[in-house]
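Residue numbers (my numbering), protein chains in the order written: chain A, 6 to 398; chain B, 6 to 398. Backbone N, C-alpha and C fix where the C-beta goes; we use that ideal spot for every residue, glycine too. The structure under discussion appears below in the form of C-alpha cells.
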C-alpha cells in the first residue's frame, strides 16, 4: 500500500524552485474557500495590487496566471500574436529558444537575434534587426536568463523597441524580486514571471502584467486566441476590475494564498532592500567561489546575483558532485541546461534562499566535495573571503 | 500595509472546490523540494500509479496536468485534434459548450448533439449523428455535468463510439472518485478530471489519462500541437517511463504532494466504498430536500450523487439565501450556471464533504433560511427524513 509522502528537507540553491519561506508554506495550508467567495475576491484584489508593486506598474491587467511560468510565457504570446505577425526574439539561452517555439505555434514569424550562451543580448544587433524588420509587431527578450545567469539590459532594449514602435515582451521569470525591474518606467508592454524563483513561493503560478497598449492589441484581435484557458478576454472576466467576477476556471485557491503571503513579505522588506540583499549575497558568494578556484560563465557586469552559472575544471564529475551535495548535505544545486549541460552548475541565491547562512554552508559543502574530486580547494579560505564581504558591508 | 490573509472557515458544498481533507492541507505544506529531486521523481511514479487506480486503467500516460481542469480539457483537445478534424460533441450543459470552444480553437469541426440542460445525453441522437458523420475522428461528452447535476451513460456512449471507430473523449472533472468510472473496461481513449471535486484536493491540477490508441494518434500528428505548455510529446519527456525525466516546465511540487495524499486516502477507502458513500449521502440529502418542498432538476435515474441541482419556488431570492447561508452558517452552496442561473442551487456532496454531518447541517441551515423567505419549511422533518435513510442503511 502506498503511504503518505514525506519529502526530505532540502536547501534549494538550484535554478528554482528556491527555498520557500515557512510563512508561505503555512499560508498555503489554510482552509480552502470558494473561488467566488467574497473573502477570496477581496484577497484577489490585494494580490493584484501587491503584484503591481512587485512589477512597479499601474497596469490594471496585472494578475497571476493559474499555471507555471511556461504558461505565463504562452499567455503573452497567444494573446498578443496572430498568424502572420512578425516578432523579433533575442536568444542567449534556453528561454529565448522557447519564445521562438511559442511564437511559431501561434502562426507568427520569429526573427531571431542570437547571442552566445552566457552573453548579454547585444543592443546593436537588436537595433540592426529592428531596422531590417520595420514591420515587426513586437520585440521579445529574457531579462534574466535562468539557463546561463546572464542579465540583459531590459531598459535599453525596451527603449529601442519603442523607437521602432514595437510592443515590448519581457521574460522576468527569474528577475522579479531579485534585481531592478520597472515595468512602467521602462515601457514594458507584456511581462511574465514565476512564483518559485525570487518570490520564494511554491511553483505553479505565473504573475503577468500587460500595458494598456497591449490590452488594446488583445481586444483588437481579428482571430480568437488559440487557447481557451489562457484567453485573457475571458480571464479578465474573472480577474478584471469592471467585471462581474464571472466564472472562467476554478482558481488555484491555496496557491494564491501562498502568492499573497510571498508578496506581503516582499513588500515588508521593500523591493530595493530585496534587490540589495540579492546583490550582497552574490558578492560574498562570488568571493568564495573564486577562492575555491571556480569560475563564472558570465562577465562580471552582466552576472545575475540570484543565479550563478559556475564552470568547473575538466576531470570533475558533474553528477558525482551534485549527488554528494544532495545526499550528504541535503543541498540542491542545478545542472547546466542545453548548450551548458555538463559544463556548469547553476547555483541559485533566490528570494528567501539568498542569505548568509546558505552562502557560507554552500561554500563549505562545495569545498569538501570538490576536494574529493581531487581539486586543491580551501573551503575555509572561501568561507573567510565571503565573511570578509559581509564584514565590509 | 496589506497583511497576511486568513480565510474564514467555510463548509464547501458548492460545485467545487469541495472541503479539503486536513490531511491533504498538511501534506500541501510540507517543505518544497526540487522537481528533479530523486525523492520527488519517486513520488511522481506513485502519483501515476495511484491515478491509474482512480481511473481504473493501465494507461501508461496517466498524469496530472500542471493546471486546473479547464487546462486538462484543453490538453485533450489540442493534442488529439488537428485542423480539419471532425469531432462529435454532446452538450447538455456548460461543459459540452466549452468542449466546442476548445475544438474550434484547434481548427477542428464540431458537430453538436444538443440535449436539454438537466437531461442525460440521448444515445439515439448520438448514434444518428455518428451515422451521418462517418468521418468523425472522436466522440466527446461530459460524464458528470457540473452545471446541471446530470449523469450520462459513459459506458454506452463509449461503446457507440467504438462501433463507429471514433476515439472516446470524456470529461470526468466531477465524476472521478464520486461515481463508477472504468476507463479501460469502458474503452475510453482520453479523459480529464479535476482535483477539487470528489478527490477533495486543492484546485489547480488536472489528472488525465490517454489510451495507447490516443498516444499513437498524438505521435502521428502532421502538425505541431498548438500549445507548447500542454504538448504531451514534450510533457511525456518529464513524466514518461522511458524518459530521462528531462525538464519541460517546473512542476507544481506542493500541489502534487496534496494530490498524492488525496489519492492515498482514496485508495485507503477503496473506490467502490467511496462511490457507495457518495450514493448514500445523496439519498439521505434527497429525502431531506423533498421534505423541505424543494425539487430536483434531474430525473432520479440520472442524478449525480455528488452534485445536486435543486430548484426553488418563485419568490425565493437566490442571492439572499446563498448570502445568509454563507454569512450565518459559513456554508457555501453554488449558484446556477448558464441556462440555469437564478433557477437552481448546486449543492455538492463531493469527496470529504460527502458526509452525514454536512447533510444534516445543510438541511437545517437551508430550512431556516427558506423559512425567512416565507416558505413553509419544516427543517426538523427534513433532518428526520435524512436520518431515517442513514438508520435504514
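Within 7 Å, strictly: CB atoms of residue i and residue j
i: residue 189/B; j: residue 62/B; result: yes
i: residue 29/B; j: residue 263/B; result: yes
i: residue 158/A; j: residue 100/A; result: no
i: residue 254/A; j: residue 73/B; result: yes
i: residue 204/A; j: residue 267/A; result: yes
i: residue 393/A; j: residue 296/A; result: no
i: residue 208/A; j: residue 258/B; result: yes
i: residue 347/B; j: residue 341/B; result: yes
i: residue 84/A; j: residue 223/A; result: yes
i: residue 33/A; j: residue 33/B; result: yes
i: residue 2/B; j: residue 22/B; result: The first residue shown for chain B is 6 and the last is 398, placing residue 2/B beyond what the model contains.
i: residue 171/B; j: residue 143/B; result: yes
i: residue 138/B; j: residue 285/B; result: no
Distance, residue j Cα to residue i Cα
i: residue 13/A; j: residue 42/B; result: 10 Å
i: residue 336/A; j: residue 15/A; result: 6 Å
i: residue 376/A; j: residue 382/A; result: 6 Å
i: residue 152/A; j: residue 345/A; result: 8 Å
i: residue 77/B; j: residue 363/A; result: 38 Å
i: residue 119/A; j: residue 95/A; result: 6 Å
i: residue 66/B; j: residue 370/B; result: 44 Å
i: residue 349/B; j: residue 218/A; result: 41 Å
i: residue 130/B; j: residue 301/B; result: 25 Å
i: residue 232/A; j: residue 87/A; result: 12 Å
i: residue 3/B; j: residue 166/B; result: Outside the shown range of chain B, which is 6 to 398, sits residue 3/B, and nothing can be said about it.
i: residue 140/A; j: residue 91/A; result: 7 Å
i: residue 186/A; j: residue 60/A; result: 7 Å
i: residue 181/A; j: residue 70/A; result: 15 Å
i: residue 357/A; j: residue 38/B; result: 14 Å
i: residue 281/A; j: residue 25/B; result: 40 Å
i: residue 315/A; j: residue 298/A; result: 10 Å
i: residue 216/A; j: residue 313/B; result: 43 Å
i: residue 330/A; j: residue 55/B; result: 31 Å
i: residue 150/A; j: residue 250/A; result: 36 Å
i: residue 226/B; j: residue 168/B; result: 23 Å
Top-ranked residue by Cα proximity to residue i, from the options
i: residue 326/B; options: 115/B, 378/B, 346/B, 107/B; result: 378/B
i: residue 163/B; options: 178/B, 303/B, 126/B, 181/B; result: 126/B
i: residue 148/B; options: 355/B, 98/B, 338/B, 368/B; result: 98/B
i: residue 116/A; options: 107/A, 134/A, 122/A, 128/A; result: 134/A
i: residue 122/B; options: 393/B, 386/B, 106/B, 304/B; result: 304/B
i: residue 178/A; options: 187/A, 168/A, 196/A; result: 196/A
i: residue 290/A; options: 276/A, 18/A, 23/A; result: 18/A
i: residue 308/A; options: 287/A, 319/A, 52/A, 320/A; result: 287/A
i: residue 213/B; options: 324/B, 79/B, 274/B, 47/B; result: 79/B
i: residue 294/A; options: 251/A, 390/A, 210/A, 221/A; result: 390/A
i: residue 154/A; options: 250/A, 192/A, 311/A; result: 311/A
i: residue 174/A; options: 112/A, 124/A, 93/A; result: 93/A
i: residue 256/B; options: 27/B, 102/B, 46/B, 6/B; result: 46/B
i: residue 206/B; options: 31/B, 236/B, 235/B, 11/B; result: 31/B
i: residue 334/A; options: 365/A, 343/A, 306/A, 244/A; result: 365/A
Exposed unless 16 or more other CB atoms sit within 10 angstroms - verdict on residue i
i: residue 359/B; result: buried
i: residue 183/A; result: buried
i: residue 328/B; result: exposed
i: residue 277/B; result: exposed
i: residue 145/A; result: buried
i: residue 198/B; result: buried
i: residue 417/A; result: Lying outside 6 to 398, the shown extent of chain A, residue 417/A is not represented and no answer is given.
Min CB distance residue i to chain A below 7 Å
i: residue 25/B; result: yes
i: residue 238/B; result: no
i: residue 72/B; result: yes
i: residue 231/B; result: yes
i: residue 338/B; result: no
i: residue 160/B; result: no
i: residue 107/B; result: yes
Proximity test, Cβ basis, 7 Å: residue i and chain B
i: residue 10/A; result: yes
i: residue 75/A; result: yes
i: residue 234/A; result: yes
i: residue 250/A; result: no
i: residue 64/A; result: no
i: residue 264/A; result: no
Closer than 7 Å to chain E by CB, residue i
i: residue 48/B; result: Absence of chain E from the displayed structure is noted, the protein chains being A and B.
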